[in-house]
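When the letters of the sequence shown are read in order and numbered with the numbering used here, they come out as residues 57 to 296. Every residue, glycine too, gets a C-beta built ideally from N, C-alpha and C. Just below is one structure, and these are the notes that go with it.
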Amino acid sequence: MKVIVCKDYDAMSKKAYEYMKECITSKKNAVLGLATGSTPVGLYKEMVADYKAGNTDYKDIVSYNLDEYVGIDRNHPESYYSFMHKNLFDLVDIKDENTHLPCGTTQADADAYEAQLQNANIDLQILGIGRNGHIGFNEPGTSFDMGTHVVDLTESTIEANCRFFDNDPNLVPKQALSMGIADIMKSKEVLVLASGVEKADAVKGMIEGSVTEECPASALQNHPNVIVIVDEAAASKLSK
Ligand code: F6R
C-alpha cells in the first residue's frame, strides 16, 4: 500500500484527481469503479471542472458503482443512482449506457450485477471507507470471497448515513446491494480516500491492523496496487 497524507479534504481530492486524470487520459476507454458518499464529492468536482475546462472527456469511459440502497426508488434524491447523476454523470459526457449501478432487492438482482462485473475489468476503483472499516457496503464479518450480495446495513452505518435522511435513522434503508470484496480485489488499481478524524481508527485498521474480516478494508493489504490518500485527521492514528 502506498499511503499519501494530505493537509485537508481539498488537498486529498486534488491528489486523488491526479491519479484519476492519469487513468482517464492514458486510456480513453478506461473502466472506473465508483463510490458514493461524502468522500469522493471533491474528486468528482475536480473531474467536472477539468472536463469543463476542455482537458478531459468521458465519451468512452465506462463506470461501475460499488453499491445501491435496497428499498428506495432509483429516483429518490438519496439513491446512489441520483447521487451519481447529480455529482458526475449529468455534468460530463459519459454515455448513459456506459454507466452501471446495482439495482434491485434480491440476491438474483445482485447476481445479475455480478454477471456484468465478470467482464468489467475495472482499471481504477475509487473507495471511501466506513467508520467501521467497511468498503462498499461490506460490513465487518463479511467473507472476503463474496461477490455482489444483499447486505444488512449495521447500526453504525445507518447512524452514519442518517445525515442524508433528515437525521432520522428510521428513514435510512436497512439493506443495500454491494459489490463484494472479491470484486473489489479484481480491479487493477485501488484508490482509497478518507477524510476526518472519525475515519482514523478505520484507516489504522486498514493499513496497520491484521488482515481480518472484522475490518473489511484490511483485505486491501493483499492487493498489489493500492494507493491510500488521507487527510491529516484521518491519518492521525497511524504510527508512522
Ligand atoms: C459508498 C460506499 C461506502 C462509503 C463509506 C464512506 O458507495 O461504498 O463504503 O464509501 O460509507 O462514506 P462517506 O464518504 O459518506 O463517509
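Whole-angstrom C-beta distance between residue j and residue i, which should lie under 8 Å
i	j	result
Glu269	Gly203	About 15 Å separates the two Cβ atoms, so there is no contact after all.
Asn143	Val97	6 Å
Glu134	Phe193	Contact flag wrong, Cβ pair sits at about 14 Å.
Ala258	Ala273	6 Å
Met76	Leu276	The pair is not a contact, with the Cβ atoms about 18 Å apart (cut-off 8 Å).
Alpha-carbon to alpha-carbon, residue j and residue i
i	j	result
Val87	Ala256	30 Å
Arg130	Leu147	18 Å
Leu157	Ala289	31 Å
Lys26	Ala168	Only positions 57 to 296 of the chain appear in this structure, which leaves residue 26 out of reach.
Leu180	Asn223	33 Å
Met155	Ser266	A small fix is needed here, since residue 155 is Thr in this sequence, not Met. Approximately 35 Å, taken between the alpha carbons.
Glu74	Lys260	24 Å
Lys115	Asp149	6 Å
Glu153	Ala164	21 Å
Glu245	Asp208	28 Å
Tyr137	Val126	12 Å
Lys108	Thr81	15 Å
Glu215	Leu227	11 Å
Glu303	Asn281	The chain is shown from 57 up to 296; residue 303 falls before or after that span and cannot be answered.
Phe200	Asp106	36 Å
His344	Val104	Since the first residue shown for the chain is 57 and the last is 296, residue 344 is missing from the structure and cannot be characterised.
Leu183	Ile117	18 Å
Range covered by the alpha helix (DSSP H) that runs through residue i
i	result
Tyr73	Tyr65 to Ser82
Ser303	Absent from the model: residue 303. The displayed extent of the chain is 57 to 296, so no value can be given.
Ala105	Val97 to Lys108
Asp6	No answer is possible for residue 6: the residues shown for the chain start at 57 and end at 296.
N-terminal and C-terminal residue of the beta strand (DSSP E) that residue i is part of
i	result
Gly89	Val87 to Leu90
Ile237	Here Ile237 belongs to no beta strand (DSSP E); instead the alpha helix (DSSP H) covers Ile237 to Met241.
Lys58	Lys58 to Cys62
Ser234	Gln231 to Ser234
Heavy atom of the ligand HEM within 7 Å of residue i beta-carbon
i	result
Pro280	No copy of the ligand HEM appears in this structure; the ligands present are the ligand F6R.
Any C-beta of chain B under 8 Å from that of residue i
i	result
Glu270	In the displayed structure, chain B is absent; only one protein chain is listed.
Environment of the ligand F6R in chain order, Cβ to heavy atom below 5 Å
Ala91, Thr92, Gly93, Ser94, Thr95, Leu122, Asp123, Gly184, Gly186 and Gly192
Which whole runs of the beta strand (DSSP E) in the stretch 247 to 295 are 3 residues long or more, in chain order?
282 to 287
Pick out the complete beta strand (DSSP E) segments inside the stretch 174 to 225, 3 residues or longer, and give them in chain order.
180 to 183 and 205 to 208
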